[in-house]
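Note that the working numbering has the sequence shown beginning at -19, numbered continuously upward. Glycine residues also receive a C-beta, built at the ideal position from the N, C-alpha and C atoms.
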Amino acid sequence: MMVEIMTKGRVSVVRGTDRYITVAVDECDDWSIKGVMFHCDDSQGILYGSMLEMILNMDRIFDSMGCPKQTFQMRHFPGTNPPDFVTRISKESERKGKRNTFRIYVQYRYHASWQGLIHWEEGDRQEPFESTLQLILLMNQMLRRDFQMGQEGESLNSFHVAIDAYDSGQFLGNYQNIPADLTERHEVMSDLAGTLGNFMKVKVLKENIPKYGMQYGRLISDEVCSMCRRGGQKATFSIKIMFREHSTWQGIIYWREGRVEQPFRSFKEMLYLMVSAVGVPQESSGNLVEDVPPIALGS
């Protein structure tokens, strides 16, 4: 008598509710956002001290479930490791935020970014988002209750970021557009993802756009103010946005201390690249890549 043995494979079932994250915002000011996030039926929450720490933890949750599927492997600079961080656990069960409460549904992770819905409970407002950048900007609008449209104009496409200190998605340092006529200095720990997203979205009127070109040799030159030429104590980046697709940005980021450039496919991937660099000790960063020519941001 022959007995047929069937092997039953394990099937991982992900419910639609598994893609929901409740974000309780307990503190919010011009420079930071803090609180606890809760996932589905988990008995414990996860503490976050910035939008970037929130995003990193959400990606870690989705990676552990394998859903929504990550369609692109996130890049990091050669000679560095992917962003590493400690998930900080809270013993609280799910609750509302002391300031605001968001329910974020991430349906897809296409284009090195996220797509889904955000529901703001206190404002009874729901909005779709097509990228992580759009989610960040929507959260900023809801937190500040500011839904006015920005001034019409053209976006400047080249930026300088100097980071003097970094911890869990917050930083000290400054942003500048290139050529340098807009500057934003942060002398207290500030939210890297939220402030950089807002700064890079600043638009200027067409008549105010500088007339000369954007070649890299002109970017870091005497025409750029001394703050822009000064490097950050932790890391320094020059960013060129080449395209705007899928409600996010694609371009090139140059890490000065590592002397290396890397293309990015989304604002989120650009943030991941920056975090991979700030984790490298500065005294060793200059030896990561040999004989790398300067990036031609304007080419």
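Per-residue burial, residue i [other beta carbons within 10 Å of its own, 16 or more giving buried]
i     : result
M250  : buried
K191  : In this predicted model, K191 has a pLDDT of only 41, less than 50, meaning its place in the structure is not dependable enough to derive any value.
N61   : exposed
K220  : buried
T228  : buried
R245  : buried
M222  : exposed
Q53   : exposed
T(-3) : exposed
K214  : buried
S111  : buried
Cut-off 7 angstroms between Cβ atoms - residues of its own chain near residue i, not counting five sequence neighbours on either side
i    : result
G174 : I13, M31, I116, N120
M180 : F139
Backbone CA spacing between residue i and residue j [nearest angstrom]
i      : j    : result
G149   : D171 : 6 angstroms
Y28    : D161 : 33 angstroms
N267   : Q230 : In this prediction, N267 has a pLDDT of 43, which is less than 50 and means its spatial position is unreliable; what the coordinates show is noted afterwards. When rounded, the distance between both Cα atoms is 27 angstroms.
L199   : D22  : With a pLDDT of 38 at L199, under the threshold of 50, the modelled position of that residue is not reliable, and no figure is offered here.
K248   : E107 : 19 angstroms
I158   : Q24  : 44 angstroms
T216   : V258 : 9 angstroms
G46    : P63  : 19 angstroms
W94    : V255 : 19 angstroms
I41    : G212 : 32 angstroms
T(-13) : M34  : Unreliable placement is indicated for T(-13), whose pLDDT of 34 sits below 50; the coordinate value is still reported in the next sentence. Approximately 40 angstroms between the Cα atoms of the pair.
Whole-angstrom C-beta distance between residue j and residue i, which should lie under 8 angstroms
i     : j    : result
R(-1) : Q114 : Their Cβ separation, rounded to whole angstroms, is 17 angstroms, which puts R(-1) and Q114 out of contact at 8 angstroms.
R79   : C8   : 5 angstroms
Residues of its chain near residue i, where Cβ-Cβ distance is below 6 angstroms and the 5 sequence neighbours each way are ignored
i    : result
F18  : T2, G25, E74
G77  : A4, V5, D6, G15
Q50  : R89
T163 : Q156
Proximal residues to residue i (C-beta, below 8 angstroms), its chain only, five neighbours per side dropped
i    : result
E167 : L152
Handout entry: Inter-stretch contact (C-beta, 8 angstroms, three-pair minimum) for the stretch 229 to 249 and the stretch 96 to 104
Key = Between the stretch 229 to 249 and the stretch 96 to 104, the count of C-beta pairs closer than 8 angstroms stays below three; the two stretches do not touch.
Practice task
Please determine if the stretch -1 to 8 and the stretch 72 to 83 are in contact, where contact requires at least 3 C-beta pairs separated by less than 8 angstroms.
Solution key: Taking one beta carbon from each stretch, the stretch -1 to 8 and the stretch 72 to 83 have 3 or more pairs nearer than 8 angstroms; the two touch.
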